[in-house]
Amino acid sequence: MRPCRPKAGGRAMQADIIGIIGVGLMGHGIASSIQRAGRRIAFVDHPGNQPTQDLVAAGAEAFSTPADLAARCDTIVLCVTGSPQVEAVLTGAGGVIEGLRPGAVVIDCSTALPDSTRRMAALVHEAGGRMLDAPMTRTPKEAAEGRLNLLVGGDEALYEACLPLLRCFAENVTHAGPVGSGHIMKLVHNYVSLGFSAVLCEAAAAAARAGIEPATLQAVLAQGGGKGVVLDRLTPFILDGDTGNFRFSIANAAKDIGYYAAMAEVLGSKASIAAAVAGAYAGQVEAGQGDRFVPEMIELLS
567 MRPCRPKAGG RAMQADIIGI IGVGLMGHGI ASSIQRAGRR IAFVDHPGNQ PTQDLVAAGA
627 EAFSTPADLA ARCDTIVLCV TGSPQVEAVL TGAGGVIEGL RPGAVVIDCS TALPDSTRRM
687 AALVHEAGGR MLDAPMTRTP KEAAEGRLNL LVGGDEALYE ACLPLLRCFA ENVTHAGPVG
747 SGHIMKLVHN YVSLGFSAVL CEAAAAAARA GIEPATLQAV LAQGGGKGVV LDRLTPFILD
807 GDTGNFRFSI ANAAKDIGYY AAMAEVLGSK ASIAAAVAGA YAGQVEAGQG DRFVPEMIEL
867 LS
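So for the sequence shown, this note's numbering puts the first residue at 567; every next one is plus one.
What follows is the structure, given as structure tokens:
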């Protein structure tokens, strides 16, 4: 049976094998969550993957190229870094489009530029497939627990048909509009989240230089204007130097804010604050700190 295809009455058919491309910090959580839901998976073997022995032990099959994977799977989930990687995975030599099966569905969970997403969706359609953009929010912790938030762009009937699969690894799934809308919302969301993070990291660094106790800083912010999800994610680092609650790299933060600024420019929307936030993250990348996690900005700035 083919996955993500509506039957009469809008019900979705069960998947045979779900292909995963990009088994990194987030993709591994997606893959393991799909397996726990009783679905069979396959993945592309890649040096950037997290260890995959657990997935293989649970029945996952590894393929050497995206084309080989696409030739075997009717649904392919992408979870790579950004637009260049999505475009390479889909259209490059040995890419998904080379092996795409008629009617197959590509679900892009990466963070990408909406204009690129729309171009890729058109190419997938020309090759006989269909595409949803379904970028995620939350962290690797929630990915491993199957509790991501998904922001989905694409045809509404296709979205409805794919909901059973999406709910295997997501707690909240929102249909944002046509193809590209999911990535628009993801960039808006990440600008807000990472913008708040940059503000709080700078504030924590200033407080540390002034000799304020970390617990005092955290308590005052939590009781006032700093209260919220971002402070909750930064609190383990503020108090104990623990990055486990916010394992998102500074390089990825710089990329996402850069994507938001590029989208705002296309839209003719003001992005002066975004430019300052982008500079804060880009400066750390240029200093060779891109592989460190966002909470460590507190230490780097102080």
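C-beta atoms are modelled at their ideal positions from N, C-alpha and C, and glycine is treated no differently.
In the DSSP output, which residue or residues are listed as bridge partners for Asn-738?
BP columns for Asn-738 point to Asn-715.
Gly-856 - DSSP class collapsed to helix/strand/coil:
Coil.
Could you round the C-beta distance between Tyr-757 and Tyr-826 to whole angstroms and report it? I think they count as a contact, below 8 Å.
Their Cβ separation, rounded to whole angstroms, is 4 Å, which keeps Tyr-757 and Tyr-826 in contact under 8 Å.
Between Ala-603, Ser-815, Ala-633 and Gly-604, which has its C-alpha nearest Asp-611's C-alpha?
When the alpha-carbon of Asp-611 is set against those of Ala-603, Ser-815, Ala-633 and Gly-604, the nearest one is in Ala-633.
Near the ligand ADP: Arg-713 beta-carbon under 8 Å from a heavy atom
The ligand ADP is not part of the structure shown, which contains no ligands of any sort.
I'd like to check one pair, Phe-814 with Ser-599: are the Cβ atoms closer than 9 Å?
For Ser-599 and Phe-814, no; Cβs fall outside 9 Å.
Can you tell me the Cβ-Cβ gap for Ala-678 and Val-652, rounded? I've got them flagged as a contact below 8 Å.
That belief holds up - the Cβ atoms of Ala-678 and Val-652 are roughly 5 Å apart, short of 8 Å.
Rounding to the nearest angstrom, what Cα-Cα distance links Ser-682 and Gly-648 in this structure?
Here the C-alpha atom of Ser-682 lies approximately 10 Å from the C-alpha atom of Gly-648.
Give the DSSP-derived three-state secondary structure of Gly-575 in the structure shown.
A caution first: Gly-575 carries a pLDDT of 36, below 50, which makes its placement in the model too unreliable to give a value.
By a C-beta neighbour count over all protein chains shown, 10 Å radius and 16 as the cutoff for buried, is Ile-779 buried or exposed?
Rather than Ile, the amino acid found at residue 779 in this sequence is Glu. The Cβ neighbour count for Glu-779, taken over all protein chains shown within 10 Å, is under 16; the residue is labelled exposed.
Tell me whether the beta-carbon of Ala-770 lies closer than 9 Å to the beta-carbon of Ile-804.
A contact, by the Cβ cut-off of 9 Å.
Span separating the alpha-carbon of Gln-657 from that of Leu-689:
Residue 657 is actually Thr in this sequence, not Gln. Thr-657 and Leu-689 have their C-alpha atoms some 8 Å from each other.
Run through DSSP, which three-state label would Leu-698 get?
Leu-698: strand per DSSP, three-state reduction.
Span of the alpha helix (DSSP H), counted from its first residue to its last, around Gly-777
Per DSSP, Gly-777 lies in no alpha helix (DSSP H) segment and is marked neither H nor E.
Could you check the C-alpha separation between His-691 and Ala-626 for me, to the nearest Å?
Ala-626 has its alpha-carbon roughly 28 Å from the corresponding atom of His-691.
Is DSSP giving Ser-649 helix, strand or coil here?
The three-state secondary structure of Ser-649, taken from DSSP, is helix.
Quick check: Val-646 and Gly-588, are their CB atoms within less than 9 Å of each other?
Contact flag set, yes.
Spatial neighbours of Arg-713 within its chain, please: C-beta separation below 6 Å, excluding the five flanking residues on both sides.
If you ignore the 5 residues before and after Arg-713, its C-beta comes within less than 6 Å of the C-beta of Glu-737, all in its own chain and listed in chain order.
Own chain, CB closer than 8 Å to Gln-784, minus 5 neighbours either side, in chain order
If we look at Gln-784 and ignore the five residues flanking it on each side, its Cβ neighbours are Leu-797, Thr-801, Ile-804 and Leu-805.
Just to check my reading of the structure: Val-843 and Ile-823 have Cβ atoms closer than 8 Å, yes? What is that Cβ distance to the nearest angstrom?
Right, the Cβ-Cβ distance comes to about 5 Å (below 8 Å), so this counts as a contact.
Secondary structure of Ser-599, DSSP reduced to three states:
The answer is helix: DSSP assigns Ser-599 an H, G or I state.
Residues near Arg-684 in its chain [Cβ-Cβ closer than 7 Å; skip 5 each side]:
Excluding positions up to five away in sequence, the list reads Val-745 and Gly-746.
Local conformation of Arg-568 per DSSP, three classes
Low local confidence applies: a pLDDT of 47 at Arg-568 is under 50, so the model's placement there is unreliable, with the coordinate-based value given in what follows. Looking at Arg-568 - three-state DSSP - the assignment turns out to be coil, as it is neither helix nor strand.
Can you look up Val-589 in the DSSP assignment and give me helix, strand or coil?
Annotated three-state conformation of Val-589 is coil, per DSSP.
In the structure shown, what three-state DSSP assignment does Ala-688 receive?
Look at Ala-688 here: in three-state DSSP terms it is helix.
If you reduce the DSSP assignment to three classes, tell me which class Arg-799 lands in.
If DSSP states are grouped into helix, strand and coil, Arg-799 belongs with the helices.
DSSP beta-bridge partners for Leu-644?
Per DSSP, Ile-587 and Asp-674.
Based on the DSSP secondary-structure assignment, which residues constitute the bridge partners of Ala-608?
According to DSSP, Ala-608 bridges with Gly-585 and Glu-627.
So, at 7 Å on beta carbons, what are the nonlocal neighbours of Gly-593 in its own chain, with the 5 sequence-adjacent residues on each side left out?
Result list for Gly-593: Ile-586 and Cys-645, in chain order.
Separation of Ala-820 from Glu-865, as counted between CA atoms:
Rounded to the nearest whole angstrom, the CA to CA distance from Glu-865 to Ala-820 is 17 Å.
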